[in-house]
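Peer 1:
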Amino acid sequence: KQAERGQALLATQKAQEEAQDMEGLQARCEEKQQRAAELERHLAGMAQAYHKMVQETRSCIAERWQIVREIRELELFNERLHGSLAAWKDEQEMQQQARKTE
Numbered sequence: 007k008q009a010e011r012g013q014a015l016l017a018t019q020k021a022q023e024e025a026q027d028m029e030g031l032q033a034r035c036e037e038k039q040q041r042a043a044e045l046e047r048h049l050a051g052m053a054q055a056y057h058k059m060v061q062e063t064r065s066c067i068a069e070r071w072q073i074v075r076e077i078r079e080l081e082l083f084n085e086r087l088h089g090s091l092a093a094w095k096d097e098q099e100m101q102q103q104a105r106k107t108e
């Protein structure tokens, strides 16, 4: 009977150890799940920030190209203006020469 008691005691101890191991595993599993949830929230925030940054970058690029187009339009206008001014000066000189020869 004492041997049976010893075996029962060992079996009880082993069951208690296994129960403690299971509790420890359960606690570690819960910690890991909490950490995974934290990381998921962090990644979601990073994804939102990245999306916002991409939108802002696209907006800046579009604005830059608009400015480049406007600058080119102003350059073309300036070239036409210089051409008109040169033609006007030539016309003035021709009229002045015509008056001198009269």
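Counting in this note's numbering, the sequence shown runs from 7 upward without gaps. Glycine residues also receive a C-beta, built at the ideal position from the N, C-alpha and C atoms. Predicted, not measured: the structure shown is a model, and the values here were computed from it.
(1) For a minimum of 4 consecutive residues, which ranges assigned as the alpha helix (DSSP H) are wholly contained in the segment 7–75?
(2) Given this structure, state the Cα-to-Cα distance separating E46 from Q40, to the nearest angstrom.
(3) What does the alpha-carbon distance come out to for the pair K24 and T63?
Peer 2: This is what the structure gives:
(1) none
(2) 10 angstroms
(3) Looking at the sequence shown, residue 24 is not Lys but Glu. E24 and T63: Cα-Cα distance of roughly 57 angstroms.
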